[in-house]
Amino acid sequence: MKKKFVYLFLVLLGVISCGDEFSETPAIGALSNEALANPQGVDLLLTGAYSMLDGWRDNNRGNQFAVGGDNWWFDVISDDAHKGSNDGDQVELLQIEVNDWQTANDYFRAKFTALYAGVNRSNAVLSVINGIDRSALLPIEEAAIAGQEGEAHFLRAHYYFELTKIFGNVSIVSVENYENLEFSQPNTGPAWEQIEADLQVAIANLPATRGDQPDPGRPTQVAARAYLGKVHLYQADWAAALTELNAVINSGEYSLDPEYLNNFTAAGENGPESIFAIQFAEDTGQSLNGNRAGTLNFPGGGPFGSCCGFYQPTIDLANAFRVDGDGLPLFDAYNDSDFANDYGINSDQAFTPDTTTPVDPRLDYTVGRRGIDYNGFGEHIGKEWIRAGFSDISGPYLPKKNVYQAEEFSENSGLGAWGQNHSGLNYNIIRFADVLLMAAEAAVETGDLATALNYVNQVRARAAGSSVVQAVDGSGPAANYQIGLYTAFPDAGFARDAVRFERRVELGMEGHRLFDLRRWGVTEQVLTEYYANETRTIGNFGPKVNAYQSRQDLLPIPLTSIDLSNGILEQNPGY
Numbered sequence: 002m003k004k005k006f007v008y009l010f011l012v013l014l015g016v017i018s019c020g021d022e023f024s025e026t027p028a029i030g031a032l033s034n035e036a037l038a039n040p041q042g043v044d045l046l047l048t049g050a051y052s053m054l055d056g057w058r059d060n061n062r063g064n065q066f067a068v069g070g071d072n073w074w075f076d077v078i079s080d081d082a083h084k085g086s087n088d089g090d091q092v093e094l095l096q097i098e099v100n101d102w103q104t105a106n107d108y109f110r111a112k113f114t115a116l117y118a119g120v121n122r123s124n125a126v127l128s129v130i131n132g133i134d135r136s137a138l139l140p141i142e143e144a145a146i147a148g149q150e151g152e153a154h155f156l157r158a159h160y161y162f163e164l165t166k167i168f169g170n171v172s173i174v175s176v177e178n179y180e181n182l183e184f185s186q187p188n189t190g191p192a193w194e195q196i197e198a199d200l201q202v203a204i205a206n207l208p209a210t211r212g213d214q215p216d217p218g219r220p221t222q223v224a225a226r227a228y229l230g231k232v233h234l235y236q237a238d239w240a241a242a243l244t245e246l247n248a249v250i251n252s253g254e255y256s257l258d259p260e261y262l263n264n265f266t267a268a269g270e271n272g273p274e275s276i277f278a279i280q281f282a283e284d285t286g287q288s289l290n291g292n293r294a295g296t297l298n299f300p301g302g303g304p305f306g307s308c309c310g311f312y313q314p315t316i317d318l319a320n321a322f323r324v325d326g327d328g329l330p331l332f333d334a335y336n337d338s339d340f341a342n343d344y345g346i347n348s349d350q351a352f353t354p355d356t357t358t359p360v361d362p363r364l365d366y367t368v369g370r371r372g373i374d375y376n377g378f379g380e381h382i383g384k385e386w387i388r389a390g391f392s393d394i395s396g397p398y399l400p401k402k403n404v405y406q407a408e409e410f411s412e413n414s415g416l417g418a419w420g421q422n423h424s425g426l427n428y429n430i431i432r433f434a435d436v437l438l439m440a441a442e443a444a445v446e447t448g449d450l451a452t453a454l455n456y457v458n459q460v461r462a463r464a465a466g467s468s469v470v471q472a473v474d475g476s477g478p479a480a481n482y483q484i485g486l487y488t489a490f491p492d493a494g495f496a497r498d499a500v501r502f503e504r505r506v507e508l509g510m511e512g513h514r515l516f517d518l519r520r521w522g523v524t525e526q527v528l529t530e531y532y533a534n535e536t537r538t539i540g541n542f543g544p545k546v547n548a549y550q551s552r553q554d555l556l557p558i559p560l561t562s563i564d565l566s567n568g569i570l571e572q573n574p575g576y
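Residue numbers (the numbering used here): 2 to 576.
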């Protein structure tokens, strides 16, 4: 069993039918606020607020696989991932991938309601804290309550940030609204002011350093500053973002892990690079603390009899790892031709993987491809491990970052009777490489190209110095891995391209890509090109996908939630 802070599901919170499906209040028979008005009671409520980081609760609304805090299915909207499996499985997600969006789609509803459950569980903590006579507390109790207050504000900021970046127009449910059961509030715009205010309270109250925070799953002041920097970045407030992100970088609290792979293994969890992560655990087989929303995202068969073949990397993403003779990205030329793959070839037919084209070594830690070792389980044998058929739209690749390493299988697998997996691998909401690249982006936009160059090269140097995937026959590296550093950023346009491309190859299949494209204002352009390029290999992809429309830069407010709000919630523009 992992030694870490585990999020348990509380019986202290229940749901009532009060005309709003995303409202949670204390259930009849639960402990009263008075009984919880002490550090131990507050911590129980905090555990419930933390547990919503993975989106899962016993009374889930909508599709159970859509609630996950790793945002895996948002990669499916982007050019990083296909839905996976056969087209007929999880049809609502197929509709999302091919841009047939319906406001009643249960994926949208599930994510919306799960995030508001997180808001309200955070409000439940703050409601109890507000009722405590803190003048009567011992100093050690007051310090504990102050830290817990910081944690609750940090978590509420996280949930509001997710709601804002996904849905745009957000209802602010205050502690007072929560206490008065006034959950249906107007969704008049983004929640940036609320998020920033919450993070400022978190910064003022959280433990200063990792050494002061005994539980690795809980945030520190530095983690809150990293999140605040990200919030400023999303608003294009570049100078403020750079100030916060530089403070994190210069704090000495975090660093790049020498091994890139460690960010996706049990052994590397809560390591030097992990700033804030969902603390999953596989402690009793099909554990309630495992990643239940990601249970579909494993090989459709494969080396350990898993299910269900979802979340397949795209041809486009694999192409992005091709490099030039200096080991640098190809930028606009990366998709001029396709990296060799086995689409349309059965496992009993001959196929030789490309081991000569120069590629970034992060390719084979991100994309599972035939003929290359699959996370220590041996050679990926191709189509037999791919559930999608050749008439489906999901291609030949498998995900790797969310899948266990063979040597850690027994510790993390959470394998169930029909092949479902409740993975115990953590998911990094923010890691240090992300902070470096966000700071590099802010530096570019404030004219500091030297700082941007430094930060991008730090990320690339780590990749260059990491171990590489080895050939299954033991003959050496599995491919022609090359990665170089930039000697200069000649102008802001080049620097901007370099930073954006680095985010894709460093953070691919980690749930960030769609939101990057949105905030850069290039989603429609990039995805239109992606649909055409992907169809070169997957011939029936283009005919099935509809044109991306600008309204899709925000998800629709779920129709059921609008109906239950009695007209208070308004639909996003264009739907």
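Think of the CB as a built atom: it goes at the ideal place given N, C-alpha and C, for glycine as much as any other residue.
Small disclaimer: the values here were computed from a predicted structure and weren't measured.
Less than 8 Å separating the beta-carbons of Val120 and Leu46?
-> no
Taking the runs of the alpha helix (DSSP H) that are 4 residues or longer, which of them lie wholly in the stretch 246-324?
-> 316-320
Buried or exposed for Pro259, please, with buried defined as at least 16 other CB atoms from any protein chain shown within 10 angstroms of its CB.
-> exposed
Please classify Val546: does DSSP put it in a helix, a strand, or coil?
-> coil
Between the beta-carbon of Ala203 and the beta-carbon of Ala227, is there less than 8 Å?
-> no
Short Cβ contact (8 Å threshold) for Ala319 with Asn342 | yes
Figure out for me which residue from Asn427, Gln421, Leu515 has the closest Cα to the Cα of Lys166.
-> Leu515
Should Gly477 go down as buried or exposed, given a rule of 16 or more other Cβ atoms within 10 Å for buried?
-> exposed
Check whether Gly148 and Pro208 have beta carbons under 8 Å apart | yes
Alpha helix (DSSP H) runs contained entirely in the stretch 351-391, provided each spans 4 or more residues | 364-367
What first and last residue would you give for the alpha helix (DSSP H) that runs through Asn206?
-> 193-206
Using a threshold of 8 Å, state whether the C-beta atoms of Leu460 and Glu507 are closer than that.
-> The sequence shown places Val at residue 460, not Leu. In this structure, Glu507 lies closer than 8 Å to Val460 by Cβ.
Would you be able to state if there are at least three C-beta pairs under 8 Å between the stretch 474-494 and the stretch 383-398?
-> no
Given 8 Å, three or more beta-carbon pairs between the stretch 67-80 and the stretch 560-573 | no
Are Leu450 and Val500 closer than 8 Å when you measure CB to CB?
-> no
For Glu577, I'd like the list of residues in its chain whose CB is within less than 7 Å of its CB, leaving aside the five on either flank, ordered along the chain.
-> Nothing can be reported for residue 577, as the shown portion of the chain is limited to 2 through 576.
Less than 8 Å separating the beta-carbons of Ala278 and Asn427?
-> yes
Identity of the residues DSSP links to Gly85 by a beta bridge | Phe311
Could you please give me the residues that DSSP links to Tyr487 through a beta bridge?
-> None; Tyr487 has no bridge partner.
Buried or exposed for Gln526, please, with buried defined as at least 16 other CB atoms from any protein chain shown within 10 angstroms of its CB.
-> exposed
Considering Tyr428, what are the terminal residues of the beta strand (DSSP E) in which it resides?
-> 428-432
What's the call for Leu518, buried or exposed, on a 16-neighbour Cβ count within 10 Å?
-> buried
Please confirm whether Pro354 and Ile373 have their CB atoms less than 8 Å apart.
-> yes
Segments of 3+ residues assigned as beta strand (DSSP E) that fall wholly inside the stretch 401-473 = 428-432
Look up Val171 in the DSSP assignment and say whether it is helix, strand or coil.
-> strand
Leaving aside the five residues before and after Leu246 along the sequence, list all residues of the same chain whose C-beta is less than 6 Å from its C-beta, in chain order.
-> Gly230, Val436, Met439, Ala440
At which residue ranges does the stretch 114-183 contain complete beta strand (DSSP E) runs of 3 or more residues, listed in the order of the chain?
-> none
CB Asn87 to CB Arg388, shorter than 8 Å?
-> yes
So, Leu329 versus Gly466, is the Cβ gap smaller than 8 Å?
-> no
Quick one: is Asp349 buried, meaning 16 or more other Cβ sit within 10 Å of its Cβ, or exposed?
-> exposed
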